Amino acid sequence: MDIKTCLNDYIKALEKEVMAILSDPKTDKRTKNLAMKPLASKKRIIQNTIDALDLVDRVAEEERAKGIGE
């Protein structure tokens with residue numbers, strides 16, 4: 780399985796967890812905010828990782844293109 784696919788699946792799982800927290804009427808605003816911060820941080824880290832993987836792929840492709848063109 781592709782790493783990016785796994786990371787996107789993990790993001791979807793985080794989003795489901797967020798929706799579960801937000802939809803719980805018993806949870807007060809403070810508790811929701813405290814629960815959301817780590818989830819938002821995890822999502823941001825994963826998105827940054829995906830962006831870094833895309834950058835590495837793009838640079839590798841450019842290097843291969845330079846090697847072929849020479």
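Per my numbering, the sequence shown starts with residue 780, numbered consecutively. No residue lacks a Cβ here, since even glycine has one placed at the ideal position from N, Cα and C. The structure displayed is predicted, hence computed values, not measured ones.
Boundaries (first-last residue) of the alpha helix (DSSP H) holding residue i
i, result
"Thr784", "782 to 802"
Residue i (DSSP reduced to helix, strand or coil)
i, result
"Thr806", "coil"
Whole-Å CB distance - residue i paired with residue j, under 8 Å assumed
i, j, result
"Met815", "Val797", "6 Å"
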